[in-house]
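What follows is a short report on a single structure.
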Amino acid sequence: MKSKNKKGTLYLITKIISWCVMAVLCIIGALLITYIAVNKIALAKGQKQPLGLYTIISPSMTPNIQVYDVVFVVRKDPKDIEIGDILSYYSTNSYFGSTPITHRVVEKFNTANGYTFRTKGDANPVPDSEIIDEAHVIGVTKMVIPKLGRVQFFLASKFGWFTLILIPAVGVIIYDILKLFKLIKIKNKMQSLEEETEEKPKESVRK
Numbered sequence: 013m014k015s016k017n018k019k020g021t022l023y024l025i026t027k028i029i030s031w032c033v034m035a036v037l038c039i040i041g042a043l044l045i046t047y048i049a050v051n052k053i054a055l056a057k058g059q060k061q062p063l064g065l066y067t068i069i070s071p072s073m074t075p076n077i078q079v080y081d082v083v084f085v086v087r088k089d090p091k092d093i094e095i096g097d098i099l100s101y102y103s104t105n106s107y108f109g110s111t112p113i114t115h116r117v118v119e120k121f122n123t124a125n126g127y128t129f130r131t132k133g134d135a136n137p138v139p140d141s142e143i144i145d146e147a148h149v150i151g152v153t154k155m156v157i158p159k160l161g162r163v164q165f166f167l168a169s170k171f172g173w174f175t176l177i178l179i180p181a182v183g184v185i186i187y188d189i190l191k192l193f194k195l196i197k198i199k200n201k202m203q204s205l206e207e208e209t210e211e212k213p214k215e216s217v218r219k
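When we follow the working numbering, the leftmost residue of the sequence shown carries the number 13, and every step to the right adds one.
Written as structure tokens, this is what we have:
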């Protein structure tokens, strides 16, 4: 009786965990679909992407933002960007290429050609020498997701892709094997019942 109760409790816990995992995956999937849809609609209208996710690869914003953290960036009207906001932008310095920079705004200028900004990494001793034109601004950081970038880098590797394919495949194989064992067990049980049924009439005839 106790073993049955333990099995029932274990089954219930497993079910709850699996449903929680599924719920989290569904929420993440819904957020990703929304993220992609919103950006696609903006691009179709000839507008800049309103949302962005960027992995931090430099320690210049520590301790507030660590390497491999992912920043969720939202486009903001340049006139509403304030000193202290964490800005993501494309640098005109060819050294950085197309990699976005994420630094904090320390100065803001209203010029004849629009707003410009000076930034500084929280861990850097001095402000950046480059003045950022509003045309190069992506947006401001609204959320920091700790260490999510590690998952991105892992999945981008050959081993990561292999693991991503292998784990579901192994899961399916294990599920099929367990299902097969269950069917064999049921089949053997049915055969035993049939044999018992056949033996009983013989015994009654002998009597």
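No residue lacks a Cβ here, since even glycine has one placed at the ideal position from N, Cα and C.
Query, Result
"Alpha-carbon spacing of Ala-54 relative to Tyr-47, whole angstroms", "11 angstroms"
"Own chain partners of Val-152 with C-beta closer than 8 angstroms, once the 5 adjacent residues on each side are dropped", "Val-85, Val-86, Lys-88, Ile-93, Asp-97, Ile-98, Leu-99, Ser-100"
"Which listed residue (Asp-188, Thr-104, Asp-134) has its alpha carbon closest to that of Asn-76", "Asp-134"
"Own chain, CB closer than 7 angstroms to Leu-65, minus 5 neighbours either side, in chain order", "Val-82, Phe-84"
"Beta-carbon proximity list for Ile-95, same chain, < 8 angstroms, skipping 5 on both sides", "Val-117, Val-118, Glu-119, Lys-120"
"Nearest residue (CA-CA) to His-148, options Lys-60, Leu-192, Leu-24", "Lys-60"
"Asp-145 versus Ala-35: straight-line alpha-carbon distance, rounded", "42 angstroms"
"With 16 other Cβ atoms within 10 Å as the buried cut-off, status of Met-73", "buried"
"Neighbourhood of Met-68 by C-beta distance below 8 angstroms, restricted to the same chain and skipping five residues each side", "Reading off the sequence shown, one finds Ile at residue 68, where the question assumed Met. If we look at Ile-68 and ignore the five residues flanking it on each side, its Cβ neighbours are Ile-77, Gln-78, Val-79, Tyr-80, Asp-81, Val-82, Val-83, Thr-114, Gly-161."
"Segment limits, beta strand (DSSP E) that includes Val-79", "Run containing Val-79: none; DSSP gives neither H nor E here."
"With 16 other Cβ atoms within 10 Å as the buried cut-off, status of Asp-188", "exposed"
"Span of the beta strand (DSSP E), counted from its first residue to its last, around Gly-109", "First-last for Gly-109: undefined, no H or E at that position."
"Residues sharing a beta bridge with Thr-104, DSSP", "DSSP output for Thr-104 lists no bridge partner at all."
"Nearest residue (CA-CA) to Phe-129, options Lys-154, Gly-109, Tyr-107, Ser-103", "Ser-103"
"Assigned secondary structure, Asp-97 (DSSP; H/G/I helix, E/B strand, else coil)", "coil"
"Outcome for Val-217 when other beta-carbon atoms lying within 10 angstroms are tallied against a minimum of 16", "The predicted model places Val-217 with a pLDDT of 48, which falls under 50 and marks its position as unreliable; any figure quoted below should be read in that light. Exposed, because fewer than 16 other Cβ atoms sit within 10 Å of the Cβ of Val-217."
"Thr-209, buried or exposed, once every other Cβ within 10 Å from all chains shown has been counted against 16", "exposed"
"Beta-carbon proximity list for Gly-109, same chain, < 8 angstroms, skipping 5 on both sides", "none"
"Neighbourhood of Met-155 by C-beta distance below 7 angstroms, restricted to the same chain and skipping five residues each side", "Phe-84"
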